[in-house]
Structures are given as C-alpha cells and as structure tokens.
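The opening residue of the sequence shown carries number 1 in UniProt numbering; numbering runs sequentially from there.
Structure record follows, encoded as structure tokens.
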Amino acid sequence: MDVESGRSYQVLQHFVKVNKFKKSLLGRLFRLGLTTLLFVCLFGTAIWIFKKLTILGEGVEISWEGSNVVPLTASNFTSFIFDIDKSVLVNFYAPWCPHCQQFVPNFIQLSKLLENDTNIVLAAIDAWKYSEIAESFQIKGFPTILLFPLSQKRTPIVYTGWRRNVESILEFLQSQTL
C-alpha cells in the first residue's frame, strides 16, 4: 500500500463502501436479482431443450417396409402381443435417436433371417410417439428390446447386451426358451 501518497485512504474508503453496499438493502436486492436472473436463464434453457427434443420426434419416421417387422401402435400393441401364438421380439425406438436409426438395418436383417421361424415374430413400436406404452414397460432408453416369450408374455425379458447386431440378438434368442 502506498501510504505516503495518501492513496491508502482512498483504497480503504473504497472497500468500506463496497462492504456497506453488500450489507445494504440495495446490495441484497442486487444479489437476489443475479440469483433470479441465473434461475430464469437456466429454466429458460431447460424449456428450450425440452421443446427441441419434442420437435426432434416430429416429422422423423422409420420405415419397416420391405421387412417382416410388424409396426405396432397404441391401438394394436396389446392385442398383437398377447393374442398371437408366438414369442414376440419388440424394438422400442425413438425415430430421432441415432442409435435406433443405426439399429434399424440390423433389426430388418434379423426379421428376414427369422421369417421362416414359426416360433417368433419381430415387431417395433415408436416409443416416443406412444410413450404410454413405453412407460408401462418402464422403457428408459432407446432402443430397448423386449422379448415376450410365448410361455410368459406377462413378464417380458429385456435384452441387456450392449451390442445391437444380428449375431448378438440371435444369441440372446437362442439362450431363451421359445
């Protein structure tokens, strides 16, 4: 501190003013304003992200044409799964999800490999569009693959393998009693 020039008094005076400002009503309101501004910014960002995710699901469709995959909806899901006399392998997907988009060709290929199998049928449901169905099976991520075995359709088996290729899914199916 430069005591001889008298600047030390000005520096001390500055800190006293700042300290008084922090304790004053105006200082408290200023801090409250910054906190409120930060909250509003974070809340606004969260709403923007939610809207973007909602928009992502619109207009994007995954086509199952040319395959043996049965597209499911909220209206035909229950009747298809529980009335058919076969085990059902269901792909719960979100059309905007890159992992789901990458898995589509593998699922179609798998459906073609299993087209002559009389014990199983492959189906897929847009879990983003029909979220009530996904929620009823506690689907938390995409894609999620559930096997509804003929013998116990009320308790589906979740495919937990991290590889989503034809070979891994076939191994999973072979390990289950269909």
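Glycine included, each C-beta is placed from N, C-alpha and C at the ideal position.
Computed from a predicted model, the values in this text were never measured in an experiment.
Counting along the chain, where does the beta strand (DSSP E) carrying V88 start and finish? The residue given as residue 88 occupies position 88 in the sequence shown. Its beta strand (DSSP E) spans residues 87-93.
Cutoff 6 Å; reference I81; Cβ partners in own chain excluding five residues on either side: Stepping through the sequence shown from its first residue, residue 81 is reached at position 81. Result list for I81: V88, F148, in chain order.
Under 7 Å between C-beta atoms of K86 and N119: Walking along the sequence shown from the start, residue 86 turns up at place 86. Walking along the sequence shown from the start, residue 119 turns up at place 119. Yes, the pair counts as a contact, with Cβ atoms nearer than the cut-off.
Classification of A74 by the beta-carbon crowding that lies within 10 angstroms, buried from 16 upward: On the sequence shown, residue 74 is found 74 positions in, with the first residue counted as 1. That one is exposed.
Continuous alpha helix (DSSP H) stretch holding I125: start and end: The residue you call residue 125 lines up with position 125 of the sequence shown. Careful: I125 lies outside any alpha helix (DSSP H), inside the beta strand (DSSP E) at 120-126.
Can you look up V60 in the DSSP assignment and give me helix, strand or coil? Walking along the sequence shown from the start, residue 60 turns up at place 60. Correct three-state label for V60: coil.
With H, G and I counted as helix, E and B as strand and the rest as coil, what does DSSP make of L42? Position 42 of the sequence shown holds residue 42. Residue state, collapsed to three classes: helix.
From the DSSP output, in three-state form, read off L173 for me. Position 173 of the sequence shown, counted from the first residue, corresponds to residue 173. Here L173 sits in helix by DSSP.
C-beta atoms of N106 and V166 nearer than 7 Å: Residue 106 sits at position 106 when you count from the first residue of the sequence shown. Residue 166 sits at position 166 when you count from the first residue of the sequence shown. Contact flag set, yes.
First and last residue of the uninterrupted alpha helix (DSSP H) at I108: Position 108 of the sequence shown, counted from the start, is the residue given in the question as residue 108. Here the alpha helix (DSSP H) through I108 covers 98-113.
Does the Cβ of P98 have 16 or more other Cβ atoms within 10 Å, making it buried, or fewer, making it exposed? As a first step, residue 98 is located in the sequence shown; it is residue number 98 there, counting from the start. Result: exposed.
Is the separation between the beta-carbon of E135 and that of P95 shorter than 7 Å? The residue given as residue 135 occupies position 135 in the sequence shown. The residue given as residue 95 occupies position 95 in the sequence shown. Not in contact: E135 and P95 (Cβ atoms no closer than 7 Å).
Residue range of the beta strand (DSSP E) that F148 falls in? Here residue 148 is taken as the residue at index 148 of the sequence shown, counted from 1. Looking at the DSSP string, the run of the beta strand (DSSP E) that includes F148 is 144-148.
Alpha-carbon spacing of T155 relative to V90, whole angstroms: For the purposes of this step, residue 155 is taken as the residue at position 155 of the sequence shown. For the purposes of this step, residue 90 is taken as the residue at position 90 of the sequence shown. Answer to the nearest angstrom: the Cα atoms are 13 Å apart.
Considering only the alpha carbon of each residue, which of P71, V70, I84 lies closest to L150? Numbered from its first residue, the sequence shown carries residue 150 at position 150. Selected option, being the one with the closest Cα: I84.
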